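For the sequence shown, the working numbering begins at 391 and goes up steadily by one. Glycine is no exception: its CB is placed at the ideal position from the N, C-alpha and C atoms. Computed from a predicted model, the values in this text were never measured in an experiment. To keep things clear, I will list the structure first and then write my remarks on it.
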Amino acid sequence: MSSLSPINPKPFLRDLIGKKIVVTLKFNNTQYRGILVSTDNYFNLQLSDAEEFISSQSKGKVGDIFLRCNNVLWIGEDRSNTAASESEKSENALESQPVEDKEPLAHTAPNQEPV
């Protein structure tokens, strides 16, 4: 049995407004990634700063676009940038932490105690 459960699409889309999303179209293995600006009662979508991908290859920025609902296969939050930005934040946090001063360890032979 699948762990997926149905969700109401209106609140789902409303929560995605202002976030980066991925929209997969029904045809030509095409995806658009951009910021969801608005949606209507028919689930038409307006994206800004959109980029077109065909067969996972970027075809370039297209800017502001309007996607008609009957062409959309699925919609989801773009987590690829979220994961990348979170890893950058954690790397930056590690780099900005102060280094503790530790005394160097004394060299010891395998069966000796440190001096």
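Query	Result
Let me know the secondary structure DSSP gives D454 once reduced to three states.	strand
Tell me whether the region 439-446 and the region 458-468 touch, counting them as touching only if at least three CB pairs, one residue from each stretch, are closer than 8 Å.	no
Below 8 Å between beta carbons: does that hold for D454 and K410?	no
Judging by CA-CA distance, which residue of N419, L406, G450 and N418 is the nearest neighbour of L435?	L406
Check K409 in the structure and name its three-state DSSP category.	coil
N434 by DSSP, collapsed to three states: which one?	coil
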